[in-house]
Amino acid sequence: MDFHPLQALPTAPRATSSINPHSRHFHSFRHPLFIKQNAPVTHIHFSPARPHRYAVTSSTRVLVYAPKTGKVVKTVSRFKDTARCGEFRKDGKLMSRPEDIQGTQPVLSGSDDTTVRLWDVSTQECLTTLEGHTDYVRAAVFTAPHLILSSSYDSTIKLWDVRAPAQSNCTMTMRHGGAPVEDVLAFPSGGVAMSAGGPILRVWDLAMGRCVRALSNHQKTITTLAFDGSKGRVLTGSLDTMVKAYDVEEWKVVHTMRYPAPILSLAVSPDDTHIAAGMSDGTLSVRRRDAKAKEVAEEEAKQAAIANGAYEYFADMEAVFGRGHVKAKGAALGPVIGPADEFRVETRRKERLRDYDKYLKSFKYSAALDAALKKTVRPTTTFALILELVQRDALRIALSGRDDVTLEPLLSFLTRHVTDPRFGEACADVVSVLLDLYSPQLDHSPLVDELLAKLNGRVERELAFQRELFKLRGALDMTLAQAAMSRLQS
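At position 84 of the sequence shown (counting the first as 1) the number is 84 in UniProt numbering, and the numbers step up by one without a gap.
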């Protein structure tokens, strides 16, 4: 049987939204991909070079994933013991197990033996050993070419100058508090850094060595820190299953994401199109968004500015060719001139399907519903898709496996149209399935609870209005009956 697409309707006008720009940005990350690992995911790192593949560390393996397909392209499993992390070099051509890689060499590592070490990649020899911590070192980063910031389970953050003698190379020690320090993150300028220990995020002025902010928005230990692609927001992951985004100008929480298990690792791609989170139950979650036309144009302009003979030009071309590059075809190859009596057969183009039709045709019901919920799709088309899902007995499949981010547009859509007599019955069917699926998770998400309260209030107001209409109808019936009796008597 041939596939018949849903009726395509003109674009509906966009409604004004009261959501702040930060939340709107994170709401654009849709269609989360969940990949199960054999052990907890302890570290995630995106390659700084295109196509921004990401390395996922779990137990004794480091797996490299392709961002577009979500498939493993390389597996490294030559470790004798548990690997803590695997990171890419800046050019994306070298990956190392230690904590951080700066430039092309050396390699920086932190260890359970309480030391921080610098290694020469070519000779595999230790160049410098930094001693001063009294417990496991869990994070270390470069803040400048010769300055290293490290954190330890001894509740301290230390700043090291590798140029100084071994007796005085620790230039500063900052105390986070009583909790072990799980992670540190330095701003690109190198003057400000952050540390995570217990449920507290601290912001440090490295010039003065003092804490300028102490933020406690998590209920449990913060385990990981990450910048977004623009470096304008900081993301924190915690054992309370929450990821919170902070605006670095005001240091306020601008968005919260909930995950199904405690967060151990977190990373955002340099182009700000992927958010990857690793959890204690071995689940890797990757949320994706499509880059805006403006962002693509800026990236193309940036690449065009690189001189053709520069090293960066050839390095960038190497990152593209052989990794999904598609040759030009059709008009891009230029005009093809044939004999004068040549007969050209015109090919009929197939009808282009909308996104929701494509997903529906390939039985991706959840993605089809998400595509139909966009504000550019008219409600009549969206409810046509819902009725199609009901006929296919796929409504429960389309509504399963959602979090507060993907439930928000659906509940908002139902709230807007539940009182429309054309769509009331379909809305009732969807709400019934939603309550059946997610009733055990109520009171866990403030956003979902608020939306359900709005939906309930809308229904209650409509029922009260209908009761008033019934009273009015009764009064009108009595008036009309009396008028009819008066006419008969006369």
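In this text, a Cβ means the ideal position worked out from N, Cα and C, and glycines have one as well.
Proximal residues to Ala368 (C-beta, below 6 Å), its chain only, five neighbours per side dropped:
Position 368 of the sequence shown holds residue 368. Excluding positions up to five away in sequence, the list reads Tyr356, Tyr359 and Leu360.
Strictly by DSSP, which residues pair up with Asp477?
Here residue 477 is taken as the residue at index 477 of the sequence shown, counted from 1. DSSP output for Asp477 lists no bridge partner at all.
For Phe79, does the three-state DSSP call read helix, strand or coil?
The residue given as residue 79 occupies position 79 in the sequence shown. It is coil, neither helix nor strand.
Contact set for Thr115: own chain, Cβ-Cβ below 6 Å, skip 5 residues either direction
Against the sequence shown, residue 115 aligns to sequence position 115. The residues are Thr129 and Glu131.
Identify, in the order they occur along the chain, each residue of the same chain with its Cβ nearer than 6 Å to the Cβ of Thr419, setting aside the five sequence neighbours on each side.
Position 419 of the sequence shown, counted from the start, is the residue given in the question as residue 419. Cβ within range, chain order: Glu462.
Give the straight-line distance between the Cα atoms of Val181 and Arg213, rounded to the nearest whole angstrom.
One-based indexing of the sequence shown puts residue 181 at position 181. One-based indexing of the sequence shown puts residue 213 at position 213. One C-alpha to the other measures close to 16 Å.
If you measure between the beta carbons of Met242 and Gly209, is that distance less than 8 Å?
Taking the sequence shown and counting its residues from 1, the one referred to as residue 242 is at position 242. Taking the sequence shown and counting its residues from 1, the one referred to as residue 209 is at position 209. Not in contact: Met242 and Gly209 (Cβ atoms no closer than 8 Å).
Considering only C-alpha positions, which residue in the set Pro446, Arg50, Leu389 and Gly474 is nearest to Val405?
Walking along the sequence shown from the start, residue 405 turns up at place 405. Answer by Cα proximity: Pro446.
Given residue 533 as reference, the closest of Val254, Lys220, Ala164 and Arg53 once Cα atoms are compared
The structure shown does not extend to residue 533, since the chain is modelled only from 1 to 490, so the question has no answer here.
Boundaries of the beta strand (DSSP E) in which Tyr65 is found, first to last residue:
What you label residue 65 is simply residue 65 of the sequence shown in a count that begins at 1. Tyr65 -> beta strand (DSSP E) spans Arg61 to Tyr65.
Measure the CB-CB distance between His52 and Pro270 and report whether it falls below 8 Å.
Residue 52 sits at position 52 when you count from the first residue of the sequence shown. Residue 270 sits at position 270 when you count from the first residue of the sequence shown. Contact flag set, yes.
Please return the same chain residues whose Cβ sits closer than 7 Å to the Cβ of Pro48, not counting the five positions on each side in sequence.
The residue given as residue 48 occupies position 48 in the sequence shown. Once the five neighbours on either side are set aside, the close Cβ partners of Pro48 are Phe88, Lys90, Gly92 and Pro270.
What is the DSSP secondary structure of Pro260, counted as helix, strand or coil?
Residue numbering aside, residue 260 sits at position 260 when the sequence shown is read from its first letter. Three-state DSSP puts Pro260 in coil, outside helix and strand.
Identify whether residue 491 lies in helix, strand or coil by the three-state DSSP scheme.
This structure gives no information on residue 491, because the portion of the chain shown stretches from 1 to 490.
Taking the continuous beta strand (DSSP E) assigned at Tyr359, which residues delimit it?
Counting from one through the sequence shown, the residue named residue 359 turns up at place 359. Unbroken run through Tyr359 is the alpha helix (DSSP H), Asp355 to Lys361; no beta strand (DSSP E).
Cβ-Cβ separation, Ala277 to Gly237 (assumed contact under 8 Å), whole Å
Translated into the one-based positions of the sequence shown, residue 237 becomes position 237. Translated into the one-based positions of the sequence shown, residue 277 becomes position 277. Between Ala277 and Gly237 the Cβ distance is about 6 Å, and since that is below 8 Å, they are a contact.
Using DSSP with H/G/I as helix, E/B as strand and the rest coil, what is Ala207?
Within the sequence shown, the letter at position 207 stands for residue 207. Three-state result, Ala207: coil.
May I ask you to verify whether the region 389-402 touches the region 248-266, counting CB pairs closer than 8 Å and requiring at least 3?
no
Name the one or two DSSP bridge partners that Phe34 has.
As a working mapping, residue 34 is identified with position 34 in the sequence shown. Partner(s): Ser285.
Per DSSP, what kind of secondary structure is Asp240 in: helix, strand or coil?
In the sequence shown, counting from the first residue as 1, residue 240 sits at position 240. Coil.
Go to Ser195, then tell me how far its beta strand (DSSP E) extends in each direction, as first and last residue.
Here the question's residue 195 lines up with position 195 in the sequence shown. First-last of the beta strand (DSSP E) with Ser195: Val192 to Gly197.
Over the uninterrupted beta strand (DSSP E) stretch that includes Val22, give me the two end residues.
As a working note, residue 22 is residue 22 in the sequence shown. The question names Val, but residue 22 is His in the sequence shown. Note, His22: premise wrong, no beta strand (DSSP E); alpha helix (DSSP H) at Pro21 to His27.
Please classify Ala475 as buried or exposed, where buried requires at least 16 neighbouring CB atoms within 10 angstroms.
Along the sequence shown, one-based indexing puts residue 475 at 475. So Ala475 ends up on the exposed side.
Ordered along the chain, which non-local residues of its own chain (more than five positions away) have a Cβ less than 7 Å from that of Val459?
Within the sequence shown, numbered from 1, the residue matching residue 459 stands at position 459. Once the five neighbours on either side are set aside, the close Cβ partners of Val459 are Val418.
Which listed residue (Ala453, Pro21, Ser366 and Val107) has its alpha carbon closest to that of Thr123:
Taking the sequence shown and counting its residues from 1, the one referred to as residue 123 is at position 123. The option with the nearest alpha carbon to Thr123 is Val107.
According to DSSP, simplified to helix, strand and coil, what is Asp429?
Sequence index remark: in the sequence shown, residue 429 carries index 429 (1-based). Correct three-state label for Asp429: helix.
Would you tell me roughly how many angstroms separate the C-alpha atoms of Val234 and Arg422, rounded to the nearest one?
Here residue 234 refers to the residue found at position 234 when the sequence shown is read from its first residue. Here residue 422 refers to the residue found at position 422 when the sequence shown is read from its first residue. Spanning the two alpha carbons is a distance of roughly 45 Å.
Enclosing beta strand (DSSP E) for Val121 [first to last residue]:
Position 121 of the sequence shown, counting from 1, holds the residue named residue 121. From DSSP, Val121 is part of no beta strand (DSSP E); its letter is neither H nor E.
Could you compute how far the alpha carbon of Gly103 sits from the alpha carbon of Ala39?
Within the sequence shown, the letter at position 103 stands for residue 103. Within the sequence shown, the letter at position 39 stands for residue 39. Bear in mind that the predicted position of Gly103 carries a pLDDT of just 46, short of 50, making it unreliable; the figure below should be weighed with that in mind. Gly103 and Ala39: Cα-Cα distance of roughly 31 Å.
With burial defined as no fewer than 16 other Cβ atoms inside 10 Å of the residue's Cβ, what is the status of Pro145: buried or exposed?
Taking the sequence shown and counting its residues from 1, the one referred to as residue 145 is at position 145. Pro145 should be labelled exposed.
Looking only at C-alpha atoms, which of Thr415, Val121, Ala196 and Gly178 sits nearest to residue 491?
Look at the range of the chain in this structure, 1 to 490, and you will see that residue 491 is not part of it.
Nearest by alpha-carbon distance to Val203: which of His218, Met174, Thr223 and Tyr153 is it?
The residue given as residue 203 occupies position 203 in the sequence shown. Measuring from the Cα of Val203, the nearest candidate turns out to be Met174.
Cutoff 8 Å; reference Leu385; Cβ partners in own chain excluding five residues on either side
Counting from 1 along the sequence shown, the entry for residue 385 is found at position 385. Closer than 8 Å at the Cβ level, and outside the excluded window around Leu385, lie Leu6, Tyr356, Leu360, Ala368, Leu369 and Ala372.
Flag this pair as yes or no: are the beta carbons of His274 and Pro67 separated by less than 8 Å?
Along the sequence shown, one-based indexing puts residue 274 at 274. Along the sequence shown, one-based indexing puts residue 67 at 67. Yes, Cβ-Cβ distance for His274 and Pro67 is below 8 Å.
Of all the beta strand (DSSP E) runs that stay within the bounds of the UniProt repeat "WD" (130-163), which reach a length of 3 or more residues?
137-144, 147-152 and 156-161
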